[in-house]
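Reminder that position 231 of the sequence shown reads as 231 in full-length UniProt numbering, one-by-one numbering, no gaps.
All C-beta atoms in this analysis are idealised placements derived from N, C-alpha and C, irrespective of residue type, glycine included.
The block underneath contains the structure these notes are about, expressed in structure tokens.
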Amino acid sequence: MTIDPNATPVVRPPRRIPAAMQDKVKSELQRMTTLGVITPVSEPTDWVSSMVATHKKNSEEIRLCIDPRDLNEALKRPHHPTRTVEEVAAKMDGATVFSVLDAKCSFWQIPLDYESSLLTTFSTPYGRYRYLRMPYGLCSASDVYQRTMEQIFADLPCSIIVDDILVGGRTKEEHDRYLKTVLDRIRKINMRLNPTKCRFGLEQVSYVGHVFTASGLKPDPAKVSAITDMPPPNDVTALQRFLGMVTYLAKFVPNLSDLTAPLRELTHSDIHWCWLEQHNAAFLAIKDKIANAPTLTYFDVRKPVTLTCDASKFGLGAACLQEGAPVAYASRTMSDTEQRYAQIEKELLAVVFACTKFHDYIYGKDIVVETDHQPLVTIVKKPLLSAPARLQRMLLRLQRYNITLVYKKGKELFLADTLSRAPLTTTGTETDDLQVMTLLSISDMRLEQLKKATACDSAMQQLTDVISRGWPSHINNAPPKAHPYFAFRDELVLDRGIILKGHKAIIPKSLRAEYIQILHEGHPGIEATKRRARDVVYWPSMCLDIEQSVSGCTVCNATKAHQQKEPLKSYPPPSLPWEHIGVDLFHWNGMDYLALGDSYSGWFDFASLDNTCASTVIEVLKRQFSIHGIPRIVISDNARQFDCFAFKQFAQSWGFQHTTSSPHFPQSNGLAESSVKRAKQLLEKTKRDGSDLYRNLLNIRNVPTNPQLGSPSQRLMSRRLRTTIPTPTPLLKPAIYTRVTAQLRKRQQQQKSSYDKSAKPLRPLKPGQVVRLQSPKGHDQLGIVQKHSRNPRSYIVNAQGTLYRRNRRHLLPVSEPPPEQQHSPDFYLPPQDPLPQPAIPHAPPPQPVLTRSGRISKPNPKYT
1 MTIDPNATPV
11 VRPPRRIPAA
21 MQDKVKSELQ
31 RMTTLGVITP
41 VSEPTDWVSS
51 MVATHKKNSE
61 EIRLCIDPRD
71 LNEALKRPHH
81 PTRTVEEVAA
91 KMDGATVFSV
101 LDAKCSFWQI
111 PLDYESSLLT
121 TFSTPYGRYR
131 YLRMPYGLCS
141 ASDVYQRTME
151 QIFADLPCSI
161 IVDDILVGGR
171 TKEEHDRYLK
181 TVLDRIRKIN
191 MRLNPTKCRF
201 GLEQVSYVGH
211 VFTASGLKPD
221 PAKVSAITDM
231 PPPNDVTALQ
241 RFLGMVTYLA
251 KFVPNLSDLT
261 APLRELTHSD
271 IHWCWLEQHN
281 AAFLAIKDKI
291 ANAPTLTYFD
301 VRKPVTLTCD
311 ASKFGLGAAC
321 LQEGAPVAYA
331 SRTMSDTEQR
341 YAQIEKELLA
351 VVFACTKFHD
361 YIYGKDIVVE
371 TDHQPLVTIV
381 KKPLLSAPAR
391 LQRMLLRLQR
401 YNITLVYKKG
411 KELFLADTLS
421 RAPLTTTGTE
431 TDDLQVMTLL
441 SISDMRLEQL
451 KKATACDSAM
461 QQLTDVISRG
471 WPSHINNAPP
481 KAHPYFAFRD
491 ELVLDRGIIL
501 KGHKAIIPKS
511 LRAEYIQILH
521 EGHPGIEATK
531 RRARDVVYWP
541 SMCLDIEQSV
551 SGCTVCNATK
561 AHQQKEPLKS
571 YPPPSLPWEH
581 IGVDLFHWNG
591 MDYLALGDSY
601 SGWFDFASLD
611 NTCASTVIEV
621 LKRQFSIHGI
631 PRIVISDNAR
641 QFDCFAFKQF
651 AQSWGFQHTT
661 SSPHFPQSNG
671 LAESSVKRAK
681 QLLEKTKRDG
691 SDLYRNLLNI
701 RNVPTNPQLG
711 SPSQRLMSRR
721 LRTTIPTPTP
731 LLKPAIYTRV
741 TAQLRKRQQQ
751 QKSSYDKSAK
761 PLRPLKPGQV
771 VRLQSPKGHD
781 QLGIVQKHSR
791 NPRSYIVNAQ
801 GTLYRRNRRH
811 LLPVSEPPPE
821 QQHSPDFYLP
831 PQDPLPQPAI
841 PHAPPPQPVL
851 TRSGRISKPN
861 PKYT
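Written out as structure tokens, the structure is:
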């Protein structure tokens with residue numbers, strides 16, 4: 001075998017094998033290895049094909065083939081010429097007795113050299129193997145076989161007819177002598193014959209449209225029987241179809257208009273249908289003309305061959321053409337089983353029928369096959385395993401032929417269309433002893449359940465009907481419930497009352513919930529369940545249905561990891577020092593502290609607390625504000641010290657806006673969290689080395705952030721602070737830093753760009769949507785979204801009658817049934833904008849407040 005040097009090698013992975021067939025496949029591989037047909041491969045190979053496993057009809061034995069589609073595109077064919085009728089007739093001159101010898105596993109009789117053997121490597125679940133003998137399916141196999149056979153028997157009185165050996169003699173004695181000579185050569189080269197297919201002492205043998213008989217070479221009546229035995233038309237439509245075929249052959253039929261005149265009168269709208277003797281005579285005369293020369297030409301091995309084929313509801317039709325002229329006709333009626341095939345299966349059956357019927361004409365040649373079923377052209381180009389099971393069986397039969405399937409409009413297939421609608425009454429099946437192993441492994445109970453549900457589903461019945469009748473050319477002409485399947489209509493077939501998309505069963509609507517539950521066994525995630533479903537079953541809204549169902553799984557939602565981070569949302573950089581500060585409480589080494597930090601300068605401070613009452617926290621903040629001024633915005637978490645009535649009154653009386661971060665989401669108050677972190681680090685380091693805490697804090701406040709921003713003290717106080725380090729006086733003089741806001745904005749953009757690389761936004765929630773409140777400690781609960789909070793990315797959620805504010809990251813949308821809600825009391829959210837200072841009463845009325853957990857409840861007088 002010779003490979004095109006410009007071809008790119010292809011390596012195909014091993015295909016799955018049904019569990020019930022795995023042992024049989026392994027045994028067959030071992031048997032073929034013992035016979036010397038294949039051998040294991042351990043070294044690297046450039047080309048690796050896929051394996052196709054089939055089992056023999058009515059037998060437990062299996063057969064292994066390869067799918068060398070990629071290899072065939074790269075192989076260079078030797079194009080060995082086929083013998084002409086004249087050449088064969090010269091060797092059979094005067095013969096009266098004939099015998100035909102058939103080689104058993106003919107291609108396996110041809111050994112491969114090492115380089116060619118490597119090209120036939122194929123993958124299996126048990127490793128790679130390569131053929132030591134020529135496998136079926138190679139595009140060059142027929143040429144190599146024909147050439148080899150002719151070389152072996154070149155000096156003997158026999159002829160090689162495609163894949164048979166023909167022996168003839170003038171007398172029985174001469175025939176027997178020639179036959180013995182040929183059999184001796186066969187024994188010498190150790191060639192094996194198939195005794196069930198060998199025929200001896202025949203009086204006639206057919207070959208490419210001719211019959212070798214004792215009285216000489218005669219035309220084969222079988223090639224025109226489809227025309228000569230065609231029944232007369234029984235209505236105007238059938239007559240118009242017949243006249244269309246005759247018109248197509250008009251250039252080969254002399255005086256056609258005179259012959260068809262009586263028939264054309266019957267097609268007039270003002271003439272009633274009446275088939276008379278003159279019509280029948282014209283019909284028979286036309287059939288005689290198109291079944292004989294010059295309309296019908298003799299086959300020429302040197303000319304290209306075209307097969308035209310078609311399938312109707314009940315018949316198959318085909319014709320063999322050379323240069324547009326007919327060489328042979330063929331038709332037959334489909335069996336009851338075949339009439340129940342899907343239309344695409346009928347069309348491929350017509351192709352198989354044409355190739356089998358005209359085997360002698362096309363074997364070993366490049367041929368063009370015309371079909372009016374465009375999806376079939378796509379299916380033939382795909383790998384074998386991607387085709388439905390019944391189509392696979394037919395495609396395997398076509399592997400021995402070098403065909404190119406082309407699409408042609410149905411109205412242009414005059415010959416095949418007419419022959420298929422007026423077929424001979426003979427029936428037959430184009431099957432051999434192979435049946436493709438289906439990957440659909442299903443119990444009898446489940447199969448019966450699926451069949452009943454399919455039969456009771458109106459959409460499935462519409463789909464069954466359109467598959468059986470054939471799909472229209474446009475989606476608007478298809479039944480409405482079949483529209484979702486139109487895009488992949490060529491993949492749909494019927495099998496045992498079930499609709500299959502390739503190897504995947506299409507599940508009716510009534511069983512989809514049950515199948516989702518089966519697919520979700522073991523509680524894989526949404527995407528994993530989708531992947532599992534795509535591998536074995538199908539229905540149009542499958543992924544959406546799985547997503548909705550699995551998102552309602554209580555077990556999955558209760559154990560689900562928290563959602564990933566969203567893109568960074570930063571506060572706008574302040575334009576003045578001490579304008580935007582964050583505060584937070586923290587505990588270290590048995591003591592409580594209050595930390596605060598300035599967003600503009602990076603200045604942070606902390607103070608120890610005697611207790612954590614709101615009044616103590618407020619007193620510390622007042623002392624800080626008296627030094628640096630009152631900020632415009634103060635951000636804190638939802639601790640009770642900050643979300644109590646006393647702190648609310650403090651904010652109103654001092655005139656600053658108080659904003660709280662999302663409950664359980666400290667990241668939204670990153671400024672305060674950063675201050676707490678720095679304070680703890682400083683306290684821990686100071687404790688370890690026993691140094692002065694406040695000198696350390698003074699030094700940190702003088703450390704420059706960068707040359708453009710300077711130190712926290714320079715941004716907050718516009719000067720460096722004097723320390724124990726000798727510092728020149730000019731450096732201690734006040735100097736206002738400009739462009740601080742621009743530099744802060746630039747840093748924010750850089751931080752956001754880096755942070756957002758691993759973040760994505762979460763979908764907004766709608767009022768009434770069921771969600772699961774995910775807490776850091778894993779104590780999740782169901783709730784219903786009430787509305788969007790004023791705070792960014794926050795929502796008010798009702799969970800068992802209690803209202804919570806939660807960040808979107810802690811709210812997991814689910815499809816679980818909504819929880820039984822208690823009556824939701826009216827609630828009041830603290831306003832986020834500064835309010836005008838009201839008169840503060842001595843005994844303020846109780847108001848609802850937001851607790852540390854984010855729950856809205858009445859205030860506790862202890863912290864007011």
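V48 places its beta carbon 7 Å or farther from that of C65. Under the 10 Å beta carbon count, E370 is surrounded by 16 or more other beta carbons and is classified as buried. Listed in chain order, the alpha helix (DSSP H) elements of length 4 or more contained wholly in the segment 156-203 are 172-188.
In the assembly as shown, N194 is an exposed residue. Its beta-carbon has fewer than 16 other beta-carbons within 10 Å.
Cβ-Cβ distances below 6 Å link V377 to L405, Y407 in the same chain, with the five nearest sequence neighbours on each side left out; the list follows chain order. The beta carbon of L519 lies closer than 6 Å to those of T529, R532, A533 in the same chain, with the five residues before and after it left out. For W654, the enclosing alpha helix (DSSP H) stretches over residues 645-654. Boundaries of the alpha helix (DSSP H) harbouring M542: 542-550, taken from the DSSP string. Taking H483 as reference, the option from W539, E448, R446, H523 with the minimal CA-CA separation is W539.
Residues of the same chain with a CB within less than 8 Å of the CB of I189, apart from the 5 flanking positions on each side, are I152 in chain order. S50 is positioned such that its CB atom lies closer than 7 Å to that of D67. C158 is the residue among D163, D164, C158 whose C-alpha sits nearest the C-alpha of H175.
Here A282 is near L263, since their CB atoms are less than 7 Å apart. Across the structure, F488 and M542 are spaced so that their CA atoms are roughly 15 Å apart. Excluding residues up to 5 positions away in sequence, G315, S331, R332, T333 lie with their Cβ nearer than 6 Å to the Cβ of P423 in the same chain.
Pairing C355 with A416, the inter-Cα distance amounts to about 13 Å. With respect to the 7 Å criterion, Y131 and I38 are classified as neighbours on the basis of their beta carbons. If only complete runs of 4 or more residues are kept, the segment 665-704 shows the alpha helix (DSSP H) at 670-689, 693-701, in order along the chain. With respect to the 7 Å criterion, T306 and L296 are not classified as neighbours on the basis of their beta carbons. Taking the Cα of G602 as reference, the smallest distance to any Cα among Y401, R623, T554, A679 is reached at A679. Shortest Cα-Cα distance from G582 to any of P631, Q339, M230, Q462 involves P631.
Within the DSSP bridge table, the entry for T228 names no partner.
Within the same chain, Q322, E323 come within 8 Å of K303 by CB-CB distance, once the 5 residues on both sides are set aside.
When DSSP assignments are scanned along the segment 93-140, the uninterrupted stretches of beta strand (DSSP E) that are 3 or more residues long and fall wholly within it turn out to be 97-102, 122-124, 127-131.
CA-to-CA, the gap between R390 and W273 works out to about 42 Å.
The beta carbons of P375 and A453 sit no closer together than 7 Å. Note on A651: 16 or more other CB atoms within 10 angstroms of its CB, so buried under the neighbour-count rule. Apart from sequence neighbours up to five positions away, the residues of its chain that approach D780 with a beta-carbon distance below 7 Å are A558, R772, L773, Q774, ordered along the chain.
By the Cβ criterion, the segment 707-725 is in contact with the segment 596-613, since at least three pairs of Cβ atoms, one from each stretch, lie closer than 8 Å.
The beta carbon of I498 sits closer than 7 Å to the beta carbons of L450, K451, T454, A505 from its chain, once the five residues preceding and following it are set aside; these are given in chain order.
Classified as exposed, M591 has fewer than 16 neighbouring CB atoms from the shown chains inside 10 Å of its CB. Non-local beta-carbon contacts of L266 in its own chain, meaning distances under 7 Å to residues more than five positions away in sequence, involve V236, L239, W273, H279 in chain order. For T82, the closest of L138, G36, D163, D102 by C-alpha to C-alpha distance is D163. Closest option to I62, judged by alpha-carbon separation, among E73, Q30, R421: Q30. Taking the CA atoms as reference points, T425 sits about 14 Å from K313. Residues of the same chain with a CB within less than 6 Å of the CB of Y593, apart from the 5 flanking positions on each side, are F586, F606, S608 in chain order.
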